[in-house]
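For reference, the structure discussed in these notes is given below.
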């Protein structure tokens, strides 16, 4: 289903045919059971039943909540008889709880309701620790069933989910309205605003959504603040400003939480709002560039002097970020490479407590890769934090890395296009920490450091000239904190190259796509377009090119770059032989038997669909339609920008034309004239994969 869960489908074969046929998979008749399953984290071929696909909750963001396992956690509470999660078509989830008979009370009594919520809150915290971020519950979204409207059950003893949610529809709608209107209205604004009162107020608001204390100068996003919590903080602050100063806050930037990510910075901004001296407008580009260059300067000082002297034998590779798409394929390629004697796979610990081996295996299975290579003796899995002393590893392990590593591929990075550059500073610090590790190595030459950057650093290229494989000006990377942080890291590495013996390689990664096995993250922008096709009844056409590169080819190129000549400092990981968007769009449209339309017409249809959902959600007459919300709705601003650039000689999605001159020297894989271009087989395999993981469910 796109989140490492799958629907069980029984296919016809030479020995048997299901008595009921309700689906086809790759042209083979089958029976879709609607059972939701997940692979065992350590035993290949074993699966766990999680629930039913029709129980899944599709939020307005396109993300899904699987309620079964979460409800089971709360059902263990001694006060709880049963519970049901809700939130279809909504931004956040809620839960309806039926207390055991001996603990039943009048839920309209706010005092008793607050007491009950507090009593079961430890169990809710256990639920939240297990849940993905978008499924976590706030205390205000706990509803309690009325004794006059008890839960009802089927003959099999299963809770009648749909009927109960329908019966409590008014209460659920009222709760969402109350939460949206009041936010955290119990946090009162100060009688007067000054620096101290603004700080105390802001601190109270932020601490309301965290279970652990946050330092006034600590980045709230580094402490795990997600978009839901950021929205609550924003709404609470704006409500307080409106109530206490009667200021019109409609023009305040919707992303100010991301621009001021610490309590102290946010408090200063709140004070300016309260005093009416700013309208919360966006920071000007010159200021952003100044901040980017200041961060480069901060992390480009006092590089260690490489002393070396010990000759290296063979390749020992430290690869960070191995649970994503490129990381998975890269890890597999490195373990299979006979010239590599050892691979260290380094990742941050999971907040859920799940081990790296479990996560790595599950991700490989989700990507359609054989996880058996995890048993290789040359592979070492490490959990740590690049921003911590010794990477959070034991001293012995850290020293082992320092002595033995000959190559570093830094692929781990936070992917969040909302937060500011400041919230990526720990990632940038990690780049400098790896530079230090390489320069302090006893090996000569020092370890070769490869950094996976992004073509987003050249996103503001305005002319038709091809972007060369070389450093670029900061102004080209302005747009979001993610691309700005990548640019900053590039510049730190260029500085290290100029000042030390290090010969790093910046790899600007383009659009990665699924290989012929089809695996492609179902929540990215192109899969989201494809998901919309059955509902919108059309597919967007484009005159431009697509230099997308399959993950398996990307991984081979990544291994090639380990041996890149020292003179090469930048490469572009894109397909050297682009194809037209039209050639891919024709195949996608044929797969769904829909016509091609212009990109602008497709965006208009998407906006109409989104408006229809909002209207039906407001009336409360048909919540079933909102369950068919599509991921593309959340990306409408991006698609509108693409539509404006959907004609001409450029690349699809507004991407610039990138030179691959140095890249072809560094990678025999990409220089091979027989390297296959993207074609109909790729498109069909992507769609088949997305069908298997339930993208169109």
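Numbering (the UniProt record's numbering), first residue to last: 1 to 697.
All C-beta atoms, glycine included, are put in the ideal place defined by N, C-alpha and C.
None of the values given here were measured: they were computed from a predicted structure.
- Within the model, the alpha-carbon separation for residue 138 versus residue 118 is close to 12 Å.
- Burial state of residue 77 is buried, judged by a 10 Å Cβ sphere holding 16 or more other Cβ atoms.
- Between residue 356 and residue 381, the gap from beta carbon to beta carbon is short of 7 Å.
- In this structure, residue 515 and residue 551 form a Cβ contact; the two beta carbons are roughly 5 Å apart against a cut-off of 8 Å.
- Residue 134 sits in a helix when the DSSP states are folded into three classes.
- Counting C-beta pairs closer than 8 Å gives fewer than three between the stretch 120 to 140 and the stretch 101 to 109, which falls short of the contact rule.
- The straight-line gap separating the alpha-carbon atoms of residue 312 and residue 435 is approximately 18 Å.
- Taking C-alpha positions only, residue 530 is separated from residue 602 by approximately 12 Å.
- Looking at 366, 472, 688, 427, the one whose alpha-carbon comes closest to that of residue 38 is 366.
- For residue 95, there is no enclosing alpha helix (DSSP H); the enclosing beta strand (DSSP E) has its first and last residue at 94 to 99.
- Residue environment: residue 375 is assigned as exposed (fewer than 16 neighbouring CB atoms within 10 Å of its CB, all protein chains considered).
- Excluding sequence positions up to five before and after residue 234, its CB lies within less than 6 Å of the CB of 257, all in the same chain and listed in chain order.
- 63 is the residue among 687, 252, 63, 609 whose C-alpha sits nearest the C-alpha of residue 91.
- Looking at the backbone, the Cα of residue 557 and that of residue 209 are separated by about 44 Å.
- Pairing residue 486 with residue 453 gives a Cβ-Cβ distance under 7 Å.
- Minimum Cα-Cα distance from residue 566 among the listed residues 521, 450, 267 corresponds to 450.
- The C-alpha of residue 542 is placed about 40 Å away from the C-alpha of residue 176.
- A contact between stretches requires three or more CB pairs, one per stretch, nearer than 8 Å, and the stretch 419 to 437 fails this requirement with the stretch 468 to 476.
- Beta-bridge partners of residue 580 (DSSP): 545.
- The DSSP-derived three-state label of residue 249 is coil.
- Of the other Cβ atoms in all chains shown, fewer than 16 fall within 10 Å of the Cβ of residue 112; this residue is therefore exposed.
- Nearest Cα to residue 418 within the set 333, 226, 291, 328: 226.
- Taking the CA atoms as reference points, residue 395 sits about 23 Å from residue 448.
- Exposure of residue 350 is indicated by the presence of fewer than 16 other C-beta atoms within 10 angstroms of its C-beta.
- Rounded to the nearest angstrom, the Cβ distance from residue 214 to residue 206 is 6 Å, consistent with a contact under 8 Å.
- Within the same chain, and ignoring the five residues on either side of residue 73 in sequence, the residues whose Cβ sits closer than 8 Å to its Cβ are 123, 126, 127, 130.
- Ranked by Cα distance from residue 276, the options 194, 300, 324 are led by 194.
- Its chain contains 458, 461, 656, 658 as the residues whose beta carbon lies nearer than 6 Å to that of residue 467, once the 5 sequence neighbours on both sides are disregarded; these appear in chain order.
- For the pair residue 11 and residue 373, the Cα-to-Cα distance works out to about 28 Å.
- Excluding its 5 nearest sequence neighbours in each direction, residue 320 has C-beta neighbours in its own chain below 6 Å: 346, 410, 411, 412, listed in chain order.
- Taking C-beta separations shorter than 6 Å and ignoring five residues to either side along the sequence, the partners of residue 495 in its chain run 300, following chain order.
- Contact annotation: residue 544 and residue 652 have beta-carbon atoms nearer than 7 Å.
- In the structure shown, residue 341 falls within a strand segment according to DSSP collapsed to helix, strand and coil.
- Annotated as proximal: residue 570 and residue 470, with beta-carbon spacing under 7 Å.
- By the criterion of a C-beta distance shorter than 7 Å, residue 335 is surrounded in its chain by 343, 373, 376, 378, 379, once the five residues flanking it on both sides are discounted.
- Fewer than three beta-carbon pairs drawn from the stretch 284 to 292 and the stretch 315 to 333 are found closer than 8 Å, and the two stretches are therefore not classed as touching.
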